[in-house]
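K.L.:
Supplied in structure tokens, the structure appears directly below.
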Amino acid sequence: MENALLIIDAQFDFCNPKGTLFVPNAEKDMEKLKTLIINNVHKIDHICVTLDSHPVNDISHPNFWEDKNGNSPNPFTQITTVQVKNKEWNAKFFPESSLKYLEDLEKDGKFPHLIWPEHCLQGSRGAAIDDTLMDALKIWTKQGKQYQTAIKGTYALTEHFGIFMAQIPDKNHPETQLNQTLIDNLMQYNHIYLAGEAKSHCVATSLKQALDYAPKLAEKMIIIEDCMSDVPNMAHYGTPIYDEAKQKGLKFVNAKDIVM
């Protein structure tokens, strides 16, 4: 089998201007992706759409934390282990596990612990596949095919940017560990076209996980550069990952130039 699309977190909250964590230009990314799918409807063999799916009381949501006055942090507040130990911020739920997570995350060194607006809440409108993309998926499925969904982020005590595993996997929670089943499924295809949101975080981390844990899969990846956008002022988190991918010979293309 030849061509698969791996579409990262193309969801209402990221792709719609009314979404709680809208990524600027994501709606344009989805229009390009829709055109790509429709133009290659008979040449795309498989589509996997990943879905961020969080509980309300997620460690990266405001309601999980409070200061000494009982106030929750504002979105985009950074919380550190030092602040927690100094009681500047307190976890309202699972305080010992939360502190351990922060310590492990800081040792990992890839991302600080940032508080996001509540987004992609389980079962909510914000967690739904973007309407523009859904239109294209329905057209594609008329061949008798079915798109796959891969859910991440359901465990409240770790961030889960990349689709293949959580930032800090928990041995007691399989959903946070390396998703070998998804890797094996994608390995059936010769070309894996990568797109989605956000370029700086979930797309970049998914790519990095493939490079680190499934290098044979990464070799098959083709990054569609103009079908992904950065969280504002955070492109620097993804840049080293894309540089590494280029150094390892992965292809980077624009949607209009793709010939399947």
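Counting from 1, one number per residue, gives the positions in the sequence shown under the working numbering.
All C-beta atoms, glycine included, are put in the ideal place defined by N, C-alpha and C.
1. What is the rounded straight-line gap between the Cα of PHE93 and the Cα of LEU51?
2. Please classify HIS46 as buried or exposed, where buried requires at least 16 neighbouring CB atoms within 10 angstroms.
3. Using only the alpha-carbon positions, how far apart do PHE252 and TYR242 sit?
4. Going by other Cβ atoms of all chains shown within 10 Å of its Cβ, with 16 needed for buried, is ASP131 buried or exposed?
5. What does the alpha-carbon distance come out to for the pair THR149 and ALA245?
6. Which whole runs of the beta strand (DSSP E) in the segment 32-102 are 3 residues long or more, in chain order?
7. Under 8 Å, do GLU103 and THR81 count as touching if we go by C-beta distance?
8. Which class does ASN3 belong to by DSSP, given the choice of helix, strand or coil?
9. Ordered along the chain, which non-local residues of its own chain (more than five positions away) have a Cβ less than 8 Å from that of GLU31?
10. If you scan the segment 168-207 from start to end, which runs of the beta strand (DSSP E) of 3 or more residues do you find wholly inside it?
11. Measuring CA to CA, which of SER229, GLU219, LYS256 and ILE224 is closest to GLN247?
12. In or out: ILE223 buried (at least 16 other Cβ within 10 Å) or exposed?
13. Is the Cβ-Cβ distance between SER53 and LYS152 less than 8 Å?
14. For HIS26, which of helix, strand or coil comes out of DSSP?
15. How do the segment 118-128 and the segment 11-20 stand: do at least 3 beta-carbon pairs fall below 8 Å, yes or no?
16. How far does the beta strand (DSSP E) with PHE252 in it reach, from first residue to last?
17. Who are the near neighbours of GLN83 in its chain, counting only those whose CB is closer than 6 Å to its CB and skipping five residues on each side?
18. Do the segment 1-11 and the segment 186-205 touch if we need at least three Cβ pairs shorter than 8 Å?
19. Would you please state the rounded distance, in angstroms, between the beta carbons of ILE139 and VAL41? I believe it to be under 8 Å.
20. Would you kindly work out how many angstroms separate the C-alpha atoms of MET234 and LYS28, rounded to a whole number?
21. Please determine, among THR176, THR20 and GLN209, the residue with the shortest C-alpha to C-alpha distance to PRO75.
22. Can you look up MET260 in the DSSP assignment and give me helix, strand or coil?
P.N.:
A quick look at the data gives this:
1. 25 Å
2. buried
3. 9 Å
4. exposed
5. 25 Å
6. 46-52
7. yes
8. strand
9. THR132
10. 191-196
11. GLU219
12. buried
13. yes
14. Note on residue identity: the sequence assigns Ala, not His, to residue 26. Looking at ALA26 - three-state DSSP - the assignment turns out to be helix.
15. yes
16. 251-253
17. TRP89
18. yes
19. 6 Å
20. 19 Å
21. THR20
22. coil
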